[in-house]
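Here is the structure we will look at.
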Amino acid sequence: MTSNINVGYQELESCATQLSTAQQDMISELARLKSMIDNLVQGGFRTDLASGKFQQSYAQWDTGAKNVIQGLEGMSSFLKTTVKEHRDLDDRLSRSTGS
39 MTSNINVGYQ ELESCATQLS TAQQDMISEL ARLKSMIDNL VQGGFRTDLA SGKFQQSYAQ
99 WDTGAKNVIQ GLEGMSSFLK TTVKEHRDLD DRLSRSTGS
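Residues in the sequence shown are numbered from 39 upward in steps of one, following the working numbering.
Written out as structure tokens, the structure is:
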């Protein structure tokens with residue numbers, strides 16, 4: 039059985055950066071949407087029961103969305119660590135050959 043290793047450092051670093059940027063963009067957008075919903079239930083959508091339930095439902099969704107988005111940080115970190123570890127390994131292997 040043959041295995042190959044190919045680690046494109048620039049590609050992994052670029053992807054990690056894009057994941058981090060997307061995470062920040064999504065966090066900002068969620069904050070904007072939460073503010074919009076909060077304003078809505080304080081003004082244009084006020085009822086005895088339904089508006090409060092809607093706001094609670096949105097808050098639950100917002101929490102779930104934030105948890106999902108947090109996963110992007112883990113993926114980005116994994117890619118950055120992969121690049122660092124492979125570079126370190128490559129460096130150690132090159133020094134061990136005595137050249």
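Cβ atoms here follow ideal geometry from the backbone N, Cα and C, with glycine treated the same way.
**OP:** Classify A88 as buried or exposed, calling it buried when 16 or more other Cβ atoms lie within 10 Å of its own Cβ.
**Re:** Result: exposed.
**OP:** Figure out for me which residue from I75, S58 and I43 has the closest Cα to the Cα of W28.
**Re:** Because the chain is modelled from 39 through 137, residue 28 falls outside the range shown and cannot be assessed.
Original post:
What is the DSSP secondary structure of M39, reduced to helix, strand or coil?
Top reply: M39 carries a coil assignment under DSSP once its states are collapsed to helix, strand and coil.
Original post:
Apart from the five residues on each side of it in sequence, which residues of its chain come closer than 7 Å, Cβ to Cβ, to K104?
Top reply: For K104, where only same-chain residues beyond five positions count, the Cβ hits under 7 Å are L68.
**OP:** Return helix, strand or coil for L127, following the three-state DSSP convention.
**Re:** DSSP, read as helix, strand or coil, puts L127 in helix.
Original post:
Would the C-beta of S41 count as close to the ligand GTP, meaning under 7 Å from any of its heavy atoms?
Top reply: The model depicted lacks the ligand GTP and carries no ligand whatsoever.
**OP:** Kindly list the residues whose CB is nearer than 6 Å to the CB of F83, restricted to its own chain and excluding five residues on each side of it in sequence; keep chain order.
**Re:** Here the set comprises S89.
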